[in-house]
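Read in order, the letters of the sequence shown are residues 0 to 214 in numbering that gives the first Met the number 0. Just so you know, even glycine gets a beta-carbon here, dropped at the ideal spot from N, CA and C. Keep in mind the model is a prediction, meaning the values are calculated, not measured. Notes for the one structure printed next.
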Amino acid sequence: MTQQAQPMITENDQLRADIYQIIAALFRAHPSQDLLDFLSGIEVEQDGTDIAQSWNAVKLAAQNSSTDTLEDEYFDLFIGVGRGEILPYGSYYITGSLMDKPLALLRQDLSQLGYEREEEVKEPEDHIAALCEVMGALLLDAPKHQQLGFFQRHISGWIERFCNDVATAKSAVFYATVGQLAGQFFAREAVIYEELSLATPVAQDTGVATQPKAS
């Protein structure tokens, strides 16, 4: 049996993986002071693009926020009394119900990829933060056809609506800028994986990308 070659990681792959982890941290919990300090001092390339403007908006919002106010904002948005304004779960956006079939399919794919939920994590695996954490890891550790399959099956179908909901939520101030940034980032990711899908067949029955055969 031949050993599978490790994927070659480019500087852009590393940058994308880092952004996935930043988004994951922002949606996993309210920002820590360290994360706020990082976002407040981030250097943004002033190239006039929409995503650069969104990074600037997040930077400015971080500079004018405190962990106390963001703890309250996060609670109102994603936790709430009974439930938050937004439910950050793939199953909810796909089917309208929590803990539904999409979560079961996700757990199957995660098992095949060698991932399992850590015991201290109480949220189900289709939480947006968990999905971003997996994508960040896949970018650095997995071949592109596995990245494509995971993104198309578990993220692309609902992420635009989620990000728009965050950006326009009544409770969102700092998180309005995060939702806008995340929406633009995922739109770029969708283009990347759409281009990749032209060269990577996807099984119609499962949606899992298959490894292209060498000619």
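Query - For L14 and G156, the rounded distance between their alpha carbons - result: 23 angstroms
Requested in this report: Take every Cβ of the stretch 26–38, pair it with every Cβ of the stretch 138–150, and state whether three or more of those distances are shorter than 8 angstroms.
Outcome: no
Query raised in the report: Going by the CB atoms, is the gap between F149 and E188 shorter than 8 angstroms?
Result: Contact: no.
**Report entry** Pick from P123, A181, L137, V190 that is closest to A103, judged by C-alpha positions
**Finding:** P123
Query - Member of E72, H126, M98 whose CA lies at the smallest distance from the CA of F173 - result: E72
Query raised in the report: What residue does the alpha helix (DSSP H) around T66 start on, and which one ends it?
Result: Residues 66–73.
Report task. Using three-state DSSP, classify Y114 as helix, strand or coil. Result -> coil
Query raised in the report: Roughly how many whole angstroms lie between the Cα atoms of A61 and E117?
Result: 29 angstroms
**Report entry** Selected residue, minimal CA-CA separation from N55, among I191, A175, A186, Y192
**Finding:** A175
Query raised in the report: CB-CB under 7 angstroms to H126, same chain, minus the five flanking residues each way: which ones, in chain order?
Result: Non-local beta-carbon contacts of H126 in its own chain, meaning distances under 7 angstroms to residues more than five positions away in sequence, involve P87, Y88 in chain order.
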